[in-house]
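Novice: Structure in structure tokens, see below.
Number of protein chains: 2
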Amino acid sequence: MLDNLQFDQKGLIPAIIQDYKTGQVLMMAYMNEEALKKTIETGKTWFYSRSRQKLWMKGEESGHIQEVKEISYDCDADTLLIKVEQTGVACHTGHYSCFYRDIEGREVEEKVFDEEVIYAPG
Amino acid sequence: MLDNLQFDQKGLIPAIIQDYKTGQVLMMAYMNEEALKKTIETGKTWFYSRSRQKLWMKGEESGHIQEVKEISYDCDADTLLIKVEQTGVACHTGHYSCFYRDIEGREVEEKVFDEEVIYAPG
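Here it is in structure tokens:
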């Protein structure tokens, strides 16, 4: 089924992550074929980090995992849309969604947690 | 205000387009700085076509324009989220959203129009 998808020259495909209950868009990140396979197998979102050049499971450090409810892809088959149940918050800044600023740079959504709380040791 | 944004090596930034009323994700396409400026100035979505290497206004041929309601960007400042009021349908296939297939390839959303109707001459 993954044969239908168009991964880019780097072997990546963007995945839009959406809250399955409210429809709020939470984040966008990239998957390679392995990340997508692990996402399907485990029912949790996995991504490929372009900066760290490795797979990571969303929430592996913070516990703020995403349980997959539905995966769809677009007409060009080059973008994924994944509806999830978010535990905690999606953004490493402590905001529920990564899209917390408007185009003027104003914070339009408040933090739920402080970063320090999310990534505090033990 | 656009100085905050991270355009990629090709000068592009992905823009997720979402129905402002229902929260349904309609499509994802790419903007360059000029497309984003025109989007802000005109209140309609403009994109950069990577295949045709030119700017286009969504709906310029079909009349199925998108009126911009809200623009936000994510924590990395490398993805836009644009809430719109969609006239007609977002997808050139005649579906309201481009995300009309699940990961198994099954059509999970029906067409609203036939392509032939959308792009019929005069």
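Sequence lines, in order, name chains A and B.
For the first sequence, the residue numbers in the working numbering are 1 to 122.
For the second sequence, the residue numbers in the working numbering are 1001 to 1122.
Every residue gets a Cβ at the ideal spot worked out from N, C-alpha and C, and that includes glycine.
This one's a predicted model, so the numbers in the text were calculated from it and none came from an experiment.
Could you spell out the range, first to last residue, of the beta strand (DSSP E) harbouring B:Glu1107?
Specialist: First-last for B:Glu1107: undefined, no H or E at that position.
Novice: For the putative contact between A:Lys69 and A:Tyr20, defined by C-beta atoms under 8 Å, what is the C-beta separation to the nearest angstrom?
Specialist: 4 Å
Novice: Taking the alpha carbon of B:Thr1093 as the point to measure from, which residue in B:Glu1109, B:Asn1032, B:Asp1003 has its own alpha carbon closest?
Specialist: B:Glu1109
Novice: Considering only residues of the same chain and omitting the five flanking positions on each side of B:Glu1067, which have a CB-CB separation below 7 Å?
Specialist: Closer than 7 Å at Cβ, skipping near neighbours: Gly1043, Lys1044, Val1084, Glu1085.
Novice: In three-state DSSP terms, what is B:Lys1069?
Specialist: Here B:Lys1069 sits in strand by DSSP.
Novice: Compile a chain-ordered list of the residues in the stretch 50-80 of chain A whose CB is closer than 9 Å to at least one CB of chain B.
Specialist: Glu70, Ile71, Ser72, Tyr73, Asp74, Cys75, Asp76, Ala77, Asp78, Thr79, Leu80
Novice: Name the DSSP bridge partner or partners of B:Leu1080?
Specialist: B:Ala1015, B:Tyr1073
Novice: From A:Gln53 to A:Met27, what does the alpha carbon distance come to, in whole angstroms?
Specialist: 19 Å
Novice: Identify, in the order they occur along the chain, each residue of the same chain with its Cβ nearer than 6 Å to the Cβ of B:Gly1059, setting aside the five sequence neighbours on each side.
Specialist: Ile1065
Novice: From the DSSP output, read off the bridge partner residues of B:Glu1085.
Specialist: B:Glu1067
Novice: Tell me the rounded alpha-carbon separation between A:Thr39 and A:Trp46.
Specialist: 5 Å
Novice: For A:Asp102 and B:Ser1049, what's the separation of their Cα atoms in angstroms?
Specialist: A:Asp102 and B:Ser1049: Cα-Cα distance of roughly 24 Å.
Novice: Using beta-carbon positions only, say whether B:Val1112 and A:Leu81 come within less than 8 Å of one another.
Specialist: no
Novice: Would you say the beta carbon of A:Met31 comes nearer than 7 Å to a heavy atom of the ligand HEM?
Specialist: Summarising the ligand content, the structure contains no ligands, and the ligand HEM is consequently not present.
Novice: May I have the straight-line CA-CA distance separating A:Ile71 from B:Glu1034, to the nearest angstrom?
Specialist: 32 Å
Novice: Can you tell me where the beta strand (DSSP E) with B:Lys1054 in it begins and where it stops?
Specialist: 1054-1057
Novice: Using a Cβ-Cβ cut-off of 6 Å (strictly less than) and excluding sequence neighbours within five positions of A:Thr87, which residues of its own chain qualify?
Specialist: Sequence-distant Cβ neighbours of A:Thr87 in its own chain, meaning closer than 6 Å and more than five residues away, are His64, Ile65.
Novice: Nearest to A:Val89 by alpha carbon, out of A:Ile13, A:Gln9, A:Gly11, A:Ile17?
Specialist: A:Ile17
Novice: In chain B, what lies closer than 7 Å to A:Asn4 by C-beta?
Specialist: Correct list: Gly1105.
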